[in-house]
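One structure is given below, encoded as structure tokens.
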Amino acid sequence: MGQKVKVATYNICHGLNYEKADSGDRKSLKIDLKRTADTIVSTGAEIVSLNEVYGRGPFKLNRQEKKLARYAGFRYSKFGKAIAFGKMFAKIHYGNALISKHPIISSKVVPVPAPAKAERRANETKLYEDRNILVSLLNVNNTALTVINTHFGLNLKEQENMVAKLVEIIESCQTPVILMGDFNVTPHSEVLAPLYEHLKSAADECDADDFTFSTYNPHIVIDYIFVSKEVKVLDYTVVKSKVSDHFPCVVTVEV
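Under my numbering, the sequence shown is numbered contiguously, ending at residue 409.
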């Protein structure tokens, strides 16, 4: 019998509260990390992958992962910077994070730079952005587990580069793997094919097709939890919290 553990992936959209929003207009929205933490608690997850997190910045943008861990009752947290912007001595750091009730033994940030101009396709007009992959080794009741968290770009070349790097990381892992995040692609996208050769989708394992985006107009699946072939998926849920613009996805696995 393996170890059971509940995990979740959640794009928190900077910690903005969308509960009263009826569109994607963020101008009137305010950061409310305690409401974000309430949603995390409601998932019952022990390990949570977070996207669109501020790791450094003024006041409400500073160390969001540590604040969320504290508010939600998690002991361990890691932040992975994808980009930095702002003034030289007041840089704001933005990226992905992991919070966990199980010890994080080690963690590394693997950069996935935006494609160079020569790599870009002529029809790719959406915002390009440097991305990263946060790779963490956890001790889950004396069982080693690799948790990978990422956030795909919007353009195909960005997504292809991300998948290639993910496959490289997954092939090097010596433990069971859980890959989570906002992939910005739909389940049948060809760009995901190399991942399906190495991992299985938790939603597919449970015949689930609940929309994950957006909370104000649910119409698409772009948030995922993948697990390595030896990991058993026991259940899969999309939590219908409207705090962010994404719904959190929650999975219980046996590793």
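The beta-carbon is built from N, C-alpha and C at its ideal position, and this holds for glycine as well.
Would residue i pass as a contact of residue j if the rule is Cβ separation under 8 Å?
i	j	result
residue 399	residue 172	yes
residue 231	residue 370	no
residue 268	residue 250	no
residue 219	residue 159	no
residue 234	residue 286	yes
residue 203	residue 252	yes
residue 197	residue 402	yes
residue 351	residue 157	no
residue 317	residue 349	yes
residue 215	residue 191	no
residue 211	residue 247	yes
residue 363	residue 357	yes
residue 257	residue 295	no
residue 331	residue 359	no
Mind checking residue i: buried by the 16 CB within 10 Å criterion, or exposed?
i	result
residue 265	exposed
residue 184	exposed
residue 189	buried
residue 259	exposed
residue 227	exposed
residue 299	buried
residue 272	exposed
residue 279	exposed
residue 213	exposed
residue 281	exposed
residue 325	exposed
How about residue i: is its Cβ closer than 7 Å to a heavy atom in the ligand NAD?
i	result
residue 304	What this structure holds is no ligand at all, so the ligand NAD is not there to describe.
Using DSSP bridges, identify the partner residues of residue i.
i	result
residue 290	261 and 301
residue 247	210 and 238
residue 336	305 and 377
residue 158	408
residue 163	203 and 403
residue 252	203 and 232
residue 274	The partner list for residue 274 (beta bridge, DSSP) is empty, contrary to what the question assumes.
residue 331	300
residue 266	285
Compare the C-beta of residue i against all C-beta atoms of chain B and say whether one is closer than 8 Å.
i	result
residue 388	In the displayed structure, chain B is absent; only one protein chain is listed.
Pick out whichever of the options has its Cα sitting closest to the Cα of residue i.
i	options	result
residue 333	301, 295 and 260	301
residue 353	168, 343, 298 and 379	379
residue 382	363, 321, 368 and 361	321
residue 255	195, 314 and 156	195
residue 284	293, 304, 298 and 295	304
residue 392	368, 273 and 246	368
residue 276	397, 306, 311 and 261	311
residue 328	342, 306, 205 and 297	297
residue 263	241, 290, 239 and 213	290
residue 344	331, 326, 314 and 359	314
residue 394	229, 366 and 375	366
residue 340	323, 330, 309 and 375	375
residue 174	270, 397, 278 and 309	397
residue 193	179, 165, 182 and 180	165
Write down every uninterrupted run of the beta strand (DSSP E) in the segment 342-407 whose length is 3 residues or greater and which is fully enclosed by it, in chain order.
353-355, 377-382 and 386-392
Length-filtered (3 minimum) beta strand (DSSP E) runs lying within the segment 170-234
201-210
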